[in-house]
Every structure is written in C-alpha cells, then in structure tokens.
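K.L.:
First the structure, then my questions, so here it is.
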C-alpha cells in the first residue's frame, strides 16, 4: 500500500469567492431595468474589431455574476418572448442539500496545508519544482494542491473517506442510488456503462449518431450493435434524438430474430439540446427487463429549474453519464456516472471503472466535481435564473431579425423538450453557411461558439454567461443580417442524409474490425470492402462508416458530396477522404510487415536546447488572454462561474486557462498545431520517433501499447507483478498471458526486476507449444527502482521479431544525468510508457507514450488511444506536459544534480546507522542498476516493520514516504526535494535506531514462501472471459477449486496471487490467509477482509 499523511481530524473550509475588477467597456442600458439586455446601434459599434484585438481579460462577467441580482421567477413572458410554444418538461426542483464545506475540497485543503517532509509523487513535490512557465499562467496553488492518493484523501477505486462522502452528497443532489466520480471524462463513463451491461456477443441498441465513446465501448466489450437511424431535419441539416417508437421497433426487430437487447443506449439531450422522451423509453425498456443507459453529457443541469427538462434519472433511466464540466462548473475532463435502482450490477460497474480509469487520478479534477456539486447545492432552484433569462431574451431578439432562424421545439415535433440554454441560429436565408457566419462573428466581435454546422451555429449558455457577451453576440448577428440581407443565393438541393443507411451490411462486429489487419485504399476502390475505421461527416454528425460495415457506392457518393460542400470529416485517418482504411477480413490479425530496425532506433542523444519553446503553454496563454465572448464549454466559462470553494483553493486563474478543444489549441485525437508541436518537441528530448501525450495516466498508455500489439487470442509475456493496468489491458485486448514469476530477496521482501534469462525461457516455452508471443511487457524500473537489463532483453525480443513494451512509469528521468540509468528508449525498447508526473514535474494524471522504430504500427497505437482517451481532454494536464518537458530541456545534463547529491548524502549517512539497511544494487546482482533517486530503507534489524517505522516517522517528524513495505520504507527524491526535508528524514531514522537499537526483539518469522501460490497455476479462462463471466461470492475456503472472478494482490509483496480466470487452489487460500493475518493489505478484492471471494459462473 501507499503510505502518507494520516487522516486529518477536521477539514478546512473553502475560500471565499474573490471579486474581479470591472472591465472598462460601457454600454447604454435601460436604467429602469438593470437586468435587461443592452443594445448599441451599428454606428456606435463601428469599431467592434478592437474588441477582438484587446488583450484584456473579460473580468466584468465575473463581477456581474457576483453582484447582479438574479431574477427569482421566470414569467410566461420574458422580454416579450412567449414561452408557451417552447414549454419543457418540468421536474421536481432539487432542495438545498449541503450546508457544510465540500468534503473532498476540505480534505485537499487540509492535506496541502500540513508542514510535512514529502518523499512521494508527484515530481513537482507540492509545487516546489513546478515549471515556471505554467506557474506564471495558473500560479503555484494548483501544484500545491495536486496531491497523490494519500490516506486522508481516500482512494477512487475503493472510496471510504472524503471521496465517498463527496460521491454520496452528489447522489443525494442528483437523485441517484449511487454516483461515481470520473477523471476520464464522460468517455470512460459511457464505456463502463456499456461494458457493465453488454457482454461479448450481446446486443446493444443505440442511435447511429451516438458519441464516439459508444463505438469504442463496443470495441472494448465485444457488443453487437443494433442501430437506430435518427430523425433528420433537412432545413437545419441537424439530426434529432430517438423516439420511443424507434426503440420499440429495434427491440421487436431483435425479438423477431430470436434475440434480445442487453441494453438500450440513447443520447438525450443531443448536442443541439433536443430531448428524447426518456420517460416512455424507460418504461418500454423496463417492461422487457432491459436497462436504459442515457448519455446525458449535455444535461447535467436538467431538473434544477422549472424551465429545464426533467433529468434522465427523474425519467427512469438506469445509468446516466453526465459531463459535469460541460454545463456545470467543474474542471474539464471531470464527469459523473449515476445509477438508479438495481437493474444493473453496481459491483460490475466498479470493476469496469477500475479497468478503465487511471490509478493516479487527479485530485484537482476530483475536488472540482465536489465543488461544482456544492455550488449547485447552495441554491439549486434559482442558480440558473439569470442564464435562462439571458437565453430566452436572446432567442426573442434574434427571432425578430429578418433572415435569421432560431431552432425551436416545433422544428422537431416528435420530441417533448429542448434545452433552453442551447441556442442554435440558422443563417441559410442570408446566403451564409454556418462556417462563414462563425468566421465573421469571431473575427469582428470575438464571439466563440460551441458548434458550427453547415447551416447553423450553436451557442451554449451557462452559469458563466454574462450580459456583455450576449450583447456582442446579438450585435454581431444583427450586423450580419444587415450586411447580407440583400444577397440572394439560390438554395441548394439537400443531399438525403438517410441514403447511406438504406443497405447497411455488417460483415464484422466493431471489435473484430478494430483488431483486424488493415490497409489503405483509394475511396473508390473501397467499395465492397469492409470499413476499418469510423468516418463521420459533420454536419450532420451521423457516422456513415463504422468499423466492420461493408462500404457501399451510396456511402461513398454521399461522403464525397458532403465533403465537397465543406463538411468536416471526423474519425478518418485521411480527413480529405482521398483514401479509406479497410480490413483484411480473411487475415484477422495484426499486420506487421516491417521488422527492419533503422539505425536511429538505437541511437540516443539528448542535448540542451538553447531556445526552449513551449508551443502548447504559449497557445493556451494566448487563447486565455483574448477578450472573447465565449459560448462554449466548460460551464464555468473561463472562470466566470468558478465554484468559490475551488477557486479559493487553487485560484481563479486555473479556471481561466481551463479551455476546451479550440482550433488554435489543436486536437489530441488528431494532433495538429500546438499539441503536435509540443509532442514533437518531447520526441526530440526523449529520443523517440513519436510521442503521444496522455491525460488518462500511464494506465491508458499501457493499455494502448498492449492493445496495439496483441490481438484477441495472442500471447503476451509479462511479469506476474505487473501494474494492474497490464491486467486490465489483457481484459480489453483479449490477449492470453504468459507470466514470469519475479525472484524475491527474502530479507527485503521485495521483488526483483525481470532478467533476460527469464524472458528467454518464456519465449522458448511458448515455442515448444507451437506458439509465439505477440509482445513482451517489462516493468523497469520497479517501484523500488530496480532496473532490468533492457538492452539484452530488447536484442532477444527483436531476434524473435517480438516487440518490447516497457512500463517506465517510474523512470521518466532516466538518461538525463550520468549517474542515472539509461532510458528504455536508449536500450532499444519499442513502446515506452512514462508517468511524467511521478518524477518529472507535470500535473498528476499526465503521462507520455513513446515509440521507437517501426516494429509497431503507429496508426494502430493512435487508434487505440482514440478508443481509450477522453474526447474532452484537460488542457491544464496537456500544458503541464509541455511545461515539464521544457523545464528539463533547458539544462538536461545538470537539472538533477541537486536531487542526486541529496540522495547520495542521505544514503551515505543512513548506511552508517546501526540497525538500518539501505537497498543497493548489490542486494540484487541480477539488476544492472538501481535508480539513485529511490531510497529504500530496511528496519528489520531494529525489530520494526515498515508500517511501524512509518507511523513513528510521521508522528514525530511528519515525514511521508511513497511506499510502505513489510520490512522497509521507500522514499522518492525529486526536483522538489529540499535539504531541510532530507535532514528531518535522516534525523528521524537516527532517533528510531537510537530508541529501538538496544531493544532486543526476536526477528519476525518471514511469511510463507512467496512462490508457493504459483507452483501450480491453472488458467481455466483468459482474463477477458473471466471478466465478463457471471459471478457469485463464496466463503474463502469454499472458493478452492473455483475459478477466480477478481484480481487479489496482497501488499507486500505486491504480486497478484489470483488473477481472473485462474483456478483457486488450497495453497493460494492458505497463503492469502497467512499474509493477511500478518497485516498485508489486499488490493483488488471486493472484500478486503477476504472472508469471501468472487468466483466465476458460466460465461
């Protein structure tokens, strides 16, 4: 287990909301009605382009939100607008839920304020080594509060403290039976919901225009899609939602084939705010005992005002996923998953989220969810008054302008409601496309929309929307109408959006198509082939090709037509559609045609960069400084509506720079611009042929690396004590494990690094069975800093044409000093995943994936990352990667001098203390190197366990270690480590030795042979099959002979004893009972006391 600060006795209250100075821009308003919109004549606004060029931040909106009185009740008529035609479903108004401070925000504040000597992750060490370039933008407070999973901050995978309290408060507010916080965006919530309800081969009913995460969920789960083609409005070129009749037809269609849907998945509201009749759909689903999943990414605010539609939970949905950051005020990439009733197995959702989410979650994201919930709880019935009033007034005004159309509920009569905070404006009567109108409004008025369509633009109103911004939007549109009203352009014939879907043939399910080998062909040559990628033109936002479907001439004609009209193509590897990726159906395996290793593969060089650039940090700074009228996500609207408790914790500037995917920032899914430039700079520094930035932690990087090299049924060689993300990758990929049992040093109770001879033995054993490994996965360095001989292992792998993946989570600093070991890239590894936040200075949850050479298909790695990572990445995390890279680039050969000197001094002093042992390379002769910045201290000669020593050192000296072992403690030194902290550590250990050295204590008997449980491993199912198999709980003694349904890993020593799919033996049960009786922590088990174990039923 990880150690850390002990649970705090109390939580600090959140800071008070800070007032912002007023922006010096004046407008003429009606003095009799201070809440009315202010209008200027076009003559008065002749020089509006100065707004676009002003570098001043629009702070007036923040003051307006603090000072302006909100209307208490919305009348039937608002600003002359009758709402009778736009009446929405009204739900029960939530009541005040929270009087005290947000529990997780308070715990984070209390933890950060303690005067501790920290020797744990992340590498910036509570901001002491935070990159200056980013702290100049967001300050040091976000880094100060960027803490790891310390005991008092709880554990996202198994919450029992403030995370559980925060999730419980959220469940009360939103009306769920259980709520989960998500740090992987709504993407991982949708994936978990579908994986928890649909086992391989089961049917999922879903709209054709579902979010891409639903398609990736079918890849991960193996579900079979039954698509509903949504209604389509030709005038607007917009797709609607799903009707109850369409759902019924899909269910009946399956029933006529003797099949049943495992789940129904719908999107409500849509991007344009169109709501489905979720109440009737849920009744329909439940009458057939089918769970209903609702993608409510755009509706987290629903049900909190009489003018807002009912939430999906209020209408009977079973699982609801909300992008809390989109319309409420948490930080980007933070979301919630809600469950209602008990149709879906809660524990299965827990397991799915553990499989998908990072093991190093960002507490900034988690706390922002708690803060956003608390903000809404304060006055849930009136908090949206002003935003709704502004939206209604804007719609009323726009409908009076000749040539301008406003999307209303009447445009989609089959749907009961529309989100009043979503404004979609049509420009086709002016002869303008949405793209043309958006360009003019952005250039001349600084207005930024959320979504651009062929004929329209969609604007998102939220708690941060202010009157000044609405004023500029209306003035800009008025100007457009006045300028272009005299232009008469013939209306073009609209292409039938349903044409490509008249003859869909699914040759492969999405999962099989994803893992099939691929090739690129010209788009005309693709007719008759099986699509290997998702191709979705926007508008209208309906995927025309989905992996596994046969490409028809109609589909090709349609794609070429809409592309010629300016549609954006998402998902395709070639957005110009000159080529399309298709499947090699007969081969069905990963294609690896290139095994030549270029000379550059083994050449490693890092030289100081004289002119260090930070393209992404600079782009975010530039974008945040623009005086923009923003009508886009996230809901805090560039900090205008930042929750007071969170703004008081990390400062408002962090919210100002928490931006969405904007054109000038680039796109993580298809990198260009600053993101691409930043990744290229990182590749230069680390010596890779390509580098990807990760916002899902090293977890998603390891999963992508394994998925890109191992297709279903292929064998992966890996250590038994690999990180849990490697086990989850086996589940997601369907790979078959071939485990290497690490050696142990009894005195230390620590696992050694994997040796070349162990790898060779595993390869040869497979060859004797007529099999071949698809990849070898190695962890180097280990948690204790022990390194494998990767040079020899990589040569061995490549001689057998096997790619080598290295989990270098703890070694991002390797190669940057003469005393540091060589990096995995330097030693010939093909794919390397680094936790940049652990030892370098990026924010927690940010990592990098590096590739060298061309043994692995780069496009497949990119495809896997698109499947696993959120579509709403945090630019704070991304910018921190760029800043951390630049920080190292300035002087790579000397930046670690001080940290290494402190570590050497500490080890030298500690080795002279009687009764104290220090882990060195001589302890593990098979390991060629040990990380000099990892300090592992043994206390067994004092008669103390690691946990006893840790407790004393924390209580008396406030020293926090990174890892507590049975007989030792591990400390991490980094760029933020200071001499005063090292002095406290050494002084504390000296005092321990003096106090306990003279106490005669019998040496505690070592635990049973750690190899005993692995003497007779029998794999009855591969991990993937075991994951999706039905489960039941049995007493631990009754589990003997059953097939394990969960991972059980006692720490120490940190080696999984049971992995899903393995037969439970008596030796295993005896070992587990023994080590737990000695105080070992049990990770992964649903019952940490091990009174019961989860075992598999039939698949």
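Numbering (the working numbering), first residue to last: 2 to 1100. We treat Cβ as the ideally placed atom computed from N, Cα and C, and that holds for glycine.
#1: Going by DSSP, name the residue or residues bridged to residue 453.
#2: Using only CA atoms, which one of 1014, 1031, 1036 and 1052 lies nearest to residue 1064?
#3: Quick check: what's the CA-CA separation for residue 254 versus residue 262?
#4: What are the complete beta strand (DSSP E) segments, minimum 3 residues, inside the region 542 to 579?
#5: Check whether the Cβ atoms of residue 900 and residue 978 sit closer than 9 Å, and answer yes or no.
#6: Would you report the Cα separation of residue 509 and residue 445, rounded to the nearest angstrom?
#7: Between the Cα of residue 815 and the Cα atoms of 804, 841, 697 and 341, which residue gives the shortest distance?
#8: Between which two residues does the alpha helix (DSSP H) carrying residue 1068 extend?
#9: Using a beta-carbon distance below 9 Å, is residue 728 in contact with chain B?
#10: Indicate whether the contact test is met: 3 or more Cβ pairs, each with one atom in the region 367 to 383 and one in the region 445 to 459, closer than 8 Å.
#11: Nearest to residue 942 by CA position, among 785, 918 and 522, is which residue?
#12: Using DSSP bridges, identify the partner residues of residue 808.
#13: Is the number of C-beta pairs between the region 685 to 697 and the region 621 to 638 that are closer than 8 Å three or more?
#14: Quick check: what's the CA-CA separation for residue 432 versus residue 485?
#15: Under the rule that 16 or more other beta-carbon atoms within 10 Å means buried, what is residue 615, buried or exposed?
#16: Determine the DSSP secondary structure at residue 673, reduced to helix, strand or coil.
#17: What is the C-beta distance between residue 333 and residue 635, in whole angstroms, given that I count them as a contact (C-beta under 8 Å)?
#18: Could you compute how far the alpha carbon of residue 639 sits from the alpha carbon of residue 736?
#19: Quick check: what's the CA-CA separation for residue 211 versus residue 571?
#20: How big is the Cα-Cα spacing for residue 722 and residue 360?
#21: How is residue 272 classed by DSSP in three states: helix, strand or coil?
#22: Would you mind reading off the limits of the alpha helix (DSSP H) that contains residue 427?
#23: Classify residue 118 as helix, strand or coil using the three-state DSSP reduction.
#24: Is the beta carbon of residue 315 within less than 8 Å of some heavy atom of the ligand HEM?
#25: Helix, strand or coil, according to DSSP, for residue 407 in the structure here?
#26: Starting from the Cα of residue 324, find the closest Cα among 242, 362, 342 and 366 and give me that residue.
#27: Just confirm the distance between the C-beta atoms of residue 285 and residue 318, as a whole number of angstroms; I'd bet it's less than 8 Å.
#28: Run through the DSSP bridge pairs and tell me what residue 1084 is partnered with.
#29: Enumerate in chain order the residues of its own chain whose CB-to-CB distance from residue 99 is below 7 Å, with the five nearest sequence positions on each side excluded.
#30: Can you tell me whether residue 154 is buried or exposed? The criterion is at least 16 other CB atoms within 10 Å of its CB, across all chains shown.
#31: Should residue 459 and residue 512 be called a contact, given that it needs their Cβ atoms to be closer than 9 Å?
#32: Grab the span of the beta strand (DSSP E) containing residue 926 for me, first residue to last.
#33: Residue 667 and residue 848: beta carbons closer than 9 Å?
#34: Where does residue 352 sit, in a helix, a strand or coil, going by DSSP?
#35: Per DSSP, what kind of secondary structure is residue 203 in: helix, strand or coil?
#36: Give me the Cβ distance between residue 322 and residue 194, rounded to the nearest whole Å; I'm assuming they're in contact under 8 Å.
P.N.:
The relevant details are as follows:
#1: 458
#2: Distance check between residue 1064 and each of 1014, 1031, 1036 and 1052 places 1014 closest, using alpha-carbon atoms only.
#3: Here the C-alpha atom of residue 254 lies approximately 10 Å from the C-alpha atom of residue 262.
#4: 569 to 571
#5: yes
#6: 49 Å
#7: 841
#8: In the DSSP annotation of this structure, the continuous segment of the alpha helix (DSSP H) that includes residue 1068 starts and ends at 1067 to 1078.
#9: Among the protein chains of the structure shown there is no chain B, as only one such chain exists.
#10: no
#11: 918
#12: 780 and 834
#13: These segments do not touch.
#14: 7 Å
#15: Residue 615 should be labelled buried.
#16: Reduced to three states, the DSSP call for residue 673 is coil.
#17: 5 Å
#18: Approximately 43 Å, taken between the alpha carbons.
#19: 13 Å
#20: 15 Å
#21: coil
#22: First-last for residue 427: 423 to 427, but that is the beta strand (DSSP E), not the alpha helix (DSSP H).
#23: strand
#24: Of ligands this structure carries none, so the ligand HEM is not represented either.
#25: The answer is strand: DSSP assigns residue 407 an E or B state.
#26: The residue from 242, 362, 342 and 366 with its alpha-carbon nearest to that of residue 324 is 366.
#27: With a Cβ gap of about 12 Å, residue 285 and residue 318 do not count as contacting.
#28: 1050
#29: Because the pLDDT of residue 99 is 43, which lies under 50, any placement of that residue in the model is unreliable, and the question is left without a value.
#30: buried
#31: No, Cβ-Cβ distance for residue 459 and residue 512 is not below 9 Å.
#32: Per DSSP, residue 926 lies in no beta strand (DSSP E) segment and is marked neither H nor E.
#33: no
#34: helix
#35: coil
#36: Residue 322 to residue 194, Cβ: 6 Å. Contact.
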